[in-house]
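Chemist: Residue numbers for the sequence shown follow the numbering used here, so the first one is 271 and each next one is one higher.
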Amino acid sequence: MAEGLGALLEPAAIRLAETAADRDAAIRRCGEVLVEVGAVAPAYVAAMLDREQSVSTYVGEGVAIPHGTLAGKETVLRDALAVLRFPDGVDWGGQPVTVCVAIAARGDGHVEVLGELAQILLDPDRAAALRAATDQDTVYDLLTPIEETA
Numbered sequence: 271m272a273e274g275l276g277a278l279l280e281p282a283a284i285r286l287a288e289t290a291a292d293r294d295a296a297i298r299r300c301g302e303v304l305v306e307v308g309a310v311a312p313a314y315v316a317a318m319l320d321r322e323q324s325v326s327t328y329v330g331e332g333v334a335i336p337h338g339t340l341a342g343k344e345t346v347l348r349d350a351l352a353v354l355r356f357p358d359g360v361d362w363g364g365q366p367v368t369v370c371v372a373i374a375a376r377g378d379g380h381v382e383v384l385g386e387l388a389q390i391l392l393d394p395d396r397a398a399a400l401r402a403a404t405d406q407d408t409v410y411d412l413l414t415p416i417e418e419t420a
């Protein structure tokens, strides 16, 4: 059984050749993928856009983590992630973004998810590998914890 972020990520939620004209279009696309995999109701997409209006979800290293507002949690059906890669980049309030890790979480689940994502993104090599990933297995491996060997 997958642990950590990998447990929240199914292959259908990994999209590696997306395009978006702007930040809002990228967020809408992220939300649509979460809807397609049955993680959220369509209304969650509006909550994701609302979150972005109040605080940017850009986290650095070419990555954004769009997610909904507190009010949007009622539209989350199950905790899940979606990883969308925009090879041509998206202008995210003046910052270029090539990878979005969209989060759907009930309760306080997003806090743990954000913490795990931060650990990945603080490692420039892993962040670069995520931006460059062109296959689902690579994305999944980057978001699944590496077992420590004694």
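We put the beta carbon where it would ideally sit given N, CA and C, even for glycine.
1. Could you tell me which of Ala397, Ala282 and Leu351 sits nearest to leucine 275, measuring between CA atoms?
2. Can you give the Cα-Cα distance for alanine 402 and leucine 413, rounded to whole angstroms?
3. Comparing alpha-carbon positions, which option in Leu384, Gln365 and Gly364 lies nearest aspartate 349?
4. Let's test the definition: count the other Cβ atoms within 10 Å of the Cβ of valine 307 and tell me whether it reaches 16, buried, or not, exposed.
5. Among Thr345, Asp358, Gly359 and Val369, whose alpha-carbon lies nearest the alpha-carbon of proline 336?
6. I'd like the ranges of any beta strand (DSSP E) spanning at least 3 consecutive residues and lying wholly in the stretch 292-350.
7. Going by DSSP in three states, threonine 289 sits in which element: helix, strand or coil?
8. With H, G and I counted as helix, E and B as strand and the rest as coil, what does DSSP make of arginine 376?
9. Measure the Cβ-Cβ separation of alanine 295 and alanine 317 and say whether it is below 8 Å.
10. Here's a check: name, in chain order, each residue in its chain whose Cβ is nearer than 7 Å to the Cβ of threonine 289, leaving out the five neighbours to either side.
Modeler: Looking at the coordinates:
1. In the sequence shown, counting from the first residue as 1, residue 275 sits at position 5. Of the candidates Ala397, Ala282 and Leu351, the one whose C-alpha sits nearest the C-alpha of leucine 275 is Leu351.
2. Residue 402 sits at position 132 when you count from the first residue of the sequence shown. Residue 413 sits at position 143 when you count from the first residue of the sequence shown. Spanning the two alpha carbons is a distance of roughly 14 Å.
3. Stepping through the sequence shown from its first residue, residue 349 is reached at position 79. Ranking Leu384, Gln365 and Gly364 by Cα distance to aspartate 349 puts Leu384 first.
4. Taking the sequence shown and counting its residues from 1, the one referred to as residue 307 is at position 37. Buried is the call here.
5. Position 66 of the sequence shown, counted from the start, is the residue given in the question as residue 336. Checked all of Thr345, Asp358, Gly359 and Val369; the closest Cα to proline 336 is Val369.
6. 328-330
7. Position 19 of the sequence shown, counting from 1, holds the residue named residue 289. Coil.
8. In the sequence shown, residue 376 corresponds to position 106, counting from 1. Coil, per DSSP.
9. Within the sequence shown, numbered from 1, the residue matching residue 295 stands at position 25. Within the sequence shown, numbered from 1, the residue matching residue 317 stands at position 47. No; because the gap between Cβ atoms is not below 8 Å, this pair is not in contact.
10. The residue given as residue 289 occupies position 19 in the sequence shown. Excluding sequence neighbours, threonine 289 sits near Phe356 and Asp358.
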